[in-house]
Structure formats: C-alpha cells, structure tokens
Amino acid sequence: MDIEIVLQTARNDLHSGQFGGLAPNPAFLLTALLSQLKNRHGKILLPDFYTGVVRPTPQELADFRHLEPASSQLLKEGRFYYLSSGSPDLTLNQRRWTEPTLDITGLDSGYTGHGTKTIIPHEASAKLSFRLVPRQDPDRIYASLSRFITRRTPRNTVVRIIRYPVASPYKAPTSHPVYRLAKQVLADTFGHPASFVGQGGSIGAVSTLTSALNIPAVMIGFGLPDENVHGPNEHFSLDNFHLGIRAMAKLYSQLPSLKSSDKSNSPILPVI
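Be aware that the sequence shown starts at 1, since it is given in UniProt numbering, and climbs by one per residue.
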C-alpha cells in the first residue's frame, strides 16, 4: 500500500531572511511527524496496525532458521552499510518475511538544485510504502494513518493524504501438491534443492486471481539477491534465464498429470 502525505503552510516559498522565525516550515513539520511512526526497534506505532497479523507456525519458524543468513551476507547482497534496528525476539528472516513494514520511499521539499537558496518552503511531501501481510486490513491502516497525521498537524496547515491502488498480500499454501511438484522440477533443472522463501514483490494480480478463481499461485523467482533490483545496473543472469525457461516448460508439461491424480476434483492448476 503506497501513500503520499503533503503538508502546505503557505501559498508560495518565502524568503528565510524576511520570514524566518515567523513562518512555519513544512519540512520540519513533516519530518517530525514521520519520526513518530516508528520506535527505536522499528516497531510501527500506528494504532491497530498489527491487528490481524498471523504469527509463523512452528514449522515455518524452523524453515526460517534453516535459511537464516549471516548479517554480513545480507549487507553484501544488498550493498547497504548496516542493519536497521529490529526486535531482538525476531530472526532476520522473520523480520523480512513475516512482519509488515513501513518505509519512506521519497521526500521532497524546498530547493534541491545545485548550491543553496535562502527560502522557507511552502510545501513538503513524503511517499510511504507499507508492505502488509495476510489478514491486515488496508482500509483500517489507511484510516489509522490519516487520523495519526491530522491529529498531530498544527491548525491551518493544509494536509493532503493520497492513497494509491493497493495490492493485497498473499501467503502461499505450500502444503498443496503443486508446490511439491514445483520444488521437484526446480531441483531437477538446477541441480540443487529449492526452498520456500518470503518475498515482498508488488504483484497485485496474485491475490485477485487466487481469490476469484479459488486456485493457488506458485511464484518462482529466478533472479539473485545481488542483481540490484530497482537500482542502477540492474541485471539478470543469462544462465538463470535459460534454466528458468527450461524449468517452466517442464512444470507446465507436468501440471496435467497432477490434475489427473487429484481425486477431489478441486481446481489446482496454478497461476505462475
């Protein structure tokens, strides 16, 4: 769920030498608001934010521990300098795969060109991205955020909260036979065992199709963590590209046999 917050305190930018100390600065107001959204452990402080969040099963926790990376590996793959603060009760994989998140994806205010300009900006904006988990209610969270912002904004500040289209979260039912087939096909094609992992991709059609058609979705990633997705020089291994084509062809060719072996007559052909 993506949200944009815009605060406006004047009709136009003002001279900081003429109106400094008098005119409110929306950049300060906005950053002060944003700093109240999380505590020092990264917990999101919006009322009712965690309502509905389902905790991992014992088996899922065991799988997460088996795949737990070293922090140095994550830093190398992501090319960031240190890990953000998080609950000491959660593993790294729990934090990135099972917990909802909130990030600031963009900030804008005032003069951002070369050099300086002595102004008080009239407007400040921030773009936020919520990564929600199944059973969280986007409408409830949006309403909670709106109340949180408006109640903490000084009177006479113009506040706009823009909500962009929402992609509902999806959790795969990995006990379904089609997932066992997919794991076997991938192991046969790549020569290594496949694992179930969490992923925060914004693919809105997944939850819509699975809900409307009552079928599971198998999402298979052939990219690697160090391929700089959404960053400069994003790339993709040609070897994995060709192996991925081979794996998908094999999986599609074997789906009819999986359907014929199902005695319940339930629709099990997946969305890939």
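Just so you know, even glycine gets a beta-carbon here, dropped at the ideal spot from N, CA and C.
Reference residue i; option with closest CA among the options
i, options, result
"E99", "I120, S257, L22, G52", "G52"
"M248", "F222, N233, E234", "F222"
"residue 276", "L255, A27, R55, F148", "Residue 276 lies beyond the range of the chain shown here (1 to 272); nothing can be said about it."
"L46", "L145, T157, A182, L33", "L145"
"P232", "Q18, F64, G78", "G78"
"S87", "Y111, T210, R96", "R96"
"P138", "G115, T101, R155", "T101"
"L128", "P256, E4, Q254", "E4"
"residue 335", "Q8, E227, Y111", "Here the chain covers residues 1 to 272 and nothing more, so residue 335 does not appear."
"M219", "H235, E234, L251", "L251"
"D108", "T31, L74, H242", "T31"
"Y50", "K38, T189, L74", "K38"
"L224", "S211, D239, R246, V166", "D239"
"L255", "V229, Q184, H230, T105", "Q184"
Beta-carbon spacing of residue i, residue j below 7 Å
i, j, result
"Y142", "R163", "yes"
"F130", "M1", "yes"
"L186", "L258", "no"
"R140", "D48", "yes"
"H176", "P216", "yes"
"F241", "E227", "no"
"F196", "T174", "yes"
"F64", "T105", "no"
"H118", "S16", "In the sequence on display, residue 118 carries Thr and not His. Cβ distance < 7 Å, so T118 and S16 count as in contact."
N- and C-terminal bounds of the alpha helix (DSSP H) containing residue i
i, result
"Q73", "71 to 78"
"G106", "No alpha helix (DSSP H) contains G106, which is instead part of the beta strand (DSSP E) from 101 to 109."
"N156", "Taken as a continuous stretch (DSSP letters only), N156 belongs to no alpha helix (DSSP H), as it is neither H nor E."
"T210", "204 to 213"
"T189", "177 to 190"
"P58", "58 to 66"
"G17", "16 to 19"
"N93", "92 to 97"
Strand pairing of residue i, partner residues [DSSP]
i, result
"H242", "Note: H242 sits in no beta bridge, so no partner."
"E4", "K127, I162"
"L251", "DSSP output for L251 lists no bridge partner at all."
"K38", "I44"
"I119", "H15"
Residue i Cβ short of 6 Å to the ligand NAD heavy atom set
i, result
"A205", "For the structure depicted, the ligand NAD is absent and the ligand set is empty, with no information on it obtainable."
query: Okay, do the region 28 to 42 and the region 60 to 75 touch, 3+ Cβ pairs below 8 Å being the bar?
result: no
Stretch-stretch touch, CB-based, cutoff 8 Å, three pairs: the region 120 to 134 with the region 7 to 21: yes
- request: Inspect the CB distances between the region 194 to 203 and the region 150 to 165 and report whether three or more fall short of 8 Å.
  value: no
query: Within the chosen definition, does the region 168 to 182 reach the region 203 to 214 through at least 3 CB pairs nearer than 8 Å?
result: yes
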